[in-house]
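A.B. asks:
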Amino acid sequence: MTFYKGIRILDLSRLLPGGLTTKLFGDLGAEVIKIEEPKQGDYCRWEKPLIKNESYYHLILNGNKKSVKLDLKSQEGMDLFLKLVKESDIVFENFRPGVMERLGINYEVLKKYNSKIILCSISGYGQESPYQNNSAHDLNFLAMSGFLSLMTDGIKDPAIPGVPIVDIMTGLSASFAISTALYKREKTGEGELIDVSMYDVNVWSLSMIAGKFFVDQTENLREFAGTSPSYNVYKTSDAKFVALGAFETKFWKIFCEKIDREDLIPFGKLTNDVGAQIKNELNSIFRTKTRNEWIEFFKDDDICLSPVRELNEVFDDEHSQKRDLLYEIEHPTEGSIKQLSHPIRYANLAEFEKRSAPLFGEDTEKILSKVN
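Numbered according to this note's numbering, the sequence shown terminates at residue 359, and the numbering increases by one at each position without gaps.
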């Protein structure tokens, strides 16, 4: 039995982070029904790369879900939606603040149809904020929150992450919030209104840095951004990279002894000119061997050194195979497609749901024909 069997989610969201949130519930047995605008549906269906007619973005985000075409701007569509609300546990949306109100389905309205309903709303800056109507994407939240200012050693321009960090953190936060609301409902019989702000989630992620800032605003806040010799990325002779995470003194000491540079032991965390000089020396040292030669050289040493790998190396890795991080599934029009597994393992759950992403409107007739 999967954990969320019997839970129904009406998913009005598009793209990330909404798709990630409801995917996690679908993996664990919830019935996730994507409510899609009849003309084009969720935008992620059309994002490149396409296999044949379906976007891999859609296929990876929307497995273990159903798809219903419904026009919420029509009276018929709204009537059907509200009937679905009566038979559901969660309504999930990521419209801009005010859209649910204008559609006539805010939390107060939904409660009239289902007193135990949980409404989870994701938005950029929350339902009430001076910035609530601002357009923004992941990069903007990173910039506004101060996160991006920490993605530099203070000399180079801020580095833009290659993955949508805020989207992913928000999806995980929203899934936790919904689980919390379900637990509360089990105890009290009451539903909940959840307001998830992508900006707030990103500020919260700065907890460790904020702790330093609150104590001393002059303290170096970029020690994890390549400002110190012991916590950095170094280029090797084959133009690849290794990541040295010898942040604690014990790891740094072993590293220095291994390369016969005990003289560097006192200076691992320096971020001043001396630290910069040591980084330059290590750059020269690391360029004397290939990436894999360095990994082999340190394989028996407890120093936190890792290769900077490409994705093909990640997915071909023995760990990925041992932990079943990938699986293949048959899609009715796209053939065999690769999927990422649910990231958590449970001792008492034999297997996760493994159903392909739905075709556009695939379940419309089946689901709406059963609406009371």
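Glycine included, every Cβ here is placed at the ideal spot set by N, Cα and C. Note that the coordinates shown come from a computational prediction; the quantities given were computed from them, not determined experimentally.
Among E177, G133, V183 and E321, which has the Cα closest to the Cα of I109?
C.D. replies: If you number the sequence shown from 1, residue 109 lands on position 122. The closest CA to that of I109, considering only E177, G133, V183 and E321, is found on V183.
A.B. asks: Check Q326 in the structure and name its three-state DSSP category.
C.D. replies: Looking up residue 326 in the sequence shown gives position 339. DSSP, reduced to helix, strand and coil, places Q326 within a strand of the structure shown.
A.B. asks: Say whether the stretch 316 to 326 touches the stretch 22 to 30, bearing in mind that this needs 3 or more beta-carbon pairs closer than 8 angstroms, one atom from each stretch.
C.D. replies: Flag = no, the stretch 316 to 326 and the stretch 22 to 30 do not touch.
A.B. asks: With a threshold of 8 angstroms, are at least 3 pairs of Cβ atoms found where one atom belongs to the stretch 265 to 281 and the other to the stretch 216 to 230?
C.D. replies: yes
A.B. asks: In the DSSP assignment, find the unbroken beta strand (DSSP E) run with A230 in it and report its ends.
C.D. replies: The residue labelled residue 230 in the question sits at position 243 within the sequence shown. That run of the beta strand (DSSP E) goes F228 to G232.
A.B. asks: Starting from K199 and walking both ways along the alpha helix (DSSP H), at which residues does that stretch end?
C.D. replies: Along the sequence shown, read from residue 1 onward, the residue named residue 199 stands at position 212. For K199, the uninterrupted alpha helix (DSSP H) run begins and ends at S194 to V202, by DSSP.
A.B. asks: From the DSSP output, in three-state form, read off D304 for me.
C.D. replies: Along the sequence shown, read from residue 1 onward, the residue named residue 304 stands at position 317. In this structure, D304 counts as coil in the three-state DSSP scheme.
A.B. asks: Can you tell me where the alpha helix (DSSP H) with K353 in it begins and where it stops?
C.D. replies: To locate residue 353, count along the sequence shown from 1; it is residue 366. Residue range T351 to L355 is occupied by the alpha helix (DSSP H) that includes K353.
A.B. asks: What three-state label does DSSP hand Y221 in the structure shown?
C.D. replies: Translated into positions along the sequence shown, residue 221 becomes position 234. DSSP places Y221 in strand when its eight states are reduced to three.
A.B. asks: Is DSSP giving R(-5) helix, strand or coil here?
C.D. replies: If you number the sequence shown from 1, residue -5 lands on position 8. Three-state result, R(-5): strand.
A.B. asks: Would L327 be called buried (16 or more neighbouring beta carbons within 10 Å of its own) or exposed?
C.D. replies: In the sequence shown, residue 327 corresponds to position 340, counting from 1. By the 10 Å Cβ count, L327 comes out exposed.
A.B. asks: Alpha carbon to alpha carbon, what distance is there between E321 and Y(-9)?
C.D. replies: Here residue -9 corresponds to residue number 4 of the sequence shown, with the count starting at 1. Here residue 321 corresponds to residue number 334 of the sequence shown, with the count starting at 1. About 28 angstroms.
A.B. asks: DSSP three-state call for L180: helix, strand or coil?
C.D. replies: Sequence index remark: in the sequence shown, residue 180 carries index 193 (1-based). DSSP places L180 in strand when its eight states are reduced to three.
A.B. asks: Flag this pair as yes or no: are the beta carbons of G348 and S54 separated by less than 9 angstroms?
C.D. replies: Locating residue 348 in the sequence shown gives position 361, counting from the first residue. Locating residue 54 in the sequence shown gives position 67, counting from the first residue. Contact check for G348 against S54 passes: the beta carbons are separated by less than 9 angstroms.
A.B. asks: Return the bridge partner residues of V72 from the DSSP annotation.
C.D. replies: In the sequence shown, the residue the question calls residue 72 occupies position 85. For V72, which the question treats as bridged, DSSP gives no partner whatsoever.
A.B. asks: What residue does the alpha helix (DSSP H) around H45 start on, and which one ends it?
C.D. replies: Here residue 45 refers to the residue found at position 58 of the sequence shown. Y43 to L48 is the span of the alpha helix (DSSP H), which, as asked, contains H45.
A.B. asks: Pull the bridge partners of E80 from the DSSP assignment, please.
C.D. replies: The residue you call residue 80 lines up with position 93 of the sequence shown. The partner list for E80 (beta bridge, DSSP) reads S108.
A.B. asks: With respect to the alpha helix (DSSP H) encompassing K341, which residues constitute its N-terminal and C-terminal limits?
C.D. replies: Against the sequence shown, residue 341 aligns to sequence position 354. Looking at the DSSP string, K341 is not in any alpha helix (DSSP H), and its letter there is neither H nor E.
A.B. asks: Throw me the rounded Cβ distance for the V188 and S217 pair, which I believe falls under 8 angstroms.
C.D. replies: Here residue 188 refers to the residue found at position 201 when the sequence shown is read from its first residue. Here residue 217 refers to the residue found at position 230 when the sequence shown is read from its first residue. Wrong, their Cβ atoms sit about 30 angstroms apart, outside the cutoff.
A.B. asks: How do the stretch 78 to 92 and the stretch 3 to 14 stand: do at least 3 beta-carbon pairs fall below 8 angstroms, yes or no?
C.D. replies: yes
A.B. asks: Just to confirm before moving on: does the CB-CB distance between A344 and L48 stay below 9 angstroms?
C.D. replies: Position 357 of the sequence shown holds residue 344. Position 61 of the sequence shown holds residue 48. Contact: yes.
A.B. asks: Measure the CB-CB distance between N127 and G111 and report whether it falls below 9 angstroms.
C.D. replies: Here residue 127 is taken as the residue at index 140 of the sequence shown, counted from 1. Here residue 111 is taken as the residue at index 124 of the sequence shown, counted from 1. Contact check for N127 against G111 passes: the beta carbons are separated by less than 9 angstroms.
A.B. asks: Check whether the Cβ atoms of V202 and S132 lie closer than 9 angstroms to each other.
C.D. replies: Position 215 of the sequence shown holds residue 202. Position 145 of the sequence shown holds residue 132. Not in contact: V202 and S132 (Cβ atoms no closer than 9 angstroms).
A.B. asks: For H318, which beta-bridge partners are listed by DSSP?
C.D. replies: The residue you call residue 318 lines up with position 331 of the sequence shown. Note: H318 is bridge-paired with G322 in the DSSP secondary-structure output.
A.B. asks: Counting pairs of Cβ atoms below 8 angstroms between the stretch 230 to 238 and the stretch 288 to 300, do you hit three or more?
C.D. replies: yes
A.B. asks: From A168 to L46, what does the alpha carbon distance come to, in whole angstroms?
C.D. replies: Indexing the sequence shown from 1 puts residue 168 at position 181. Indexing the sequence shown from 1 puts residue 46 at position 59. Going by the C-alpha atoms only, they are around 28 angstroms apart.
A.B. asks: Is the Cβ-Cβ distance between L(-3) and V72 less than 9 angstroms?
C.D. replies: As a position in the sequence shown, residue -3 is number 10, starting the count at 1. As a position in the sequence shown, residue 72 is number 85, starting the count at 1. Contact annotation: L(-3) and V72 have beta-carbon atoms nearer than 9 angstroms.
A.B. asks: Who does P411 pair with in a DSSP beta bridge?
C.D. replies: Residue 411 falls outside the range modelled here, since the chain spans only -12 to 359, and no answer is possible.
A.B. asks: How is I155 classed by DSSP in three states: helix, strand or coil?
C.D. replies: Against the sequence shown, residue 155 aligns to sequence position 168. Look at I155 here: in three-state DSSP terms it is helix.
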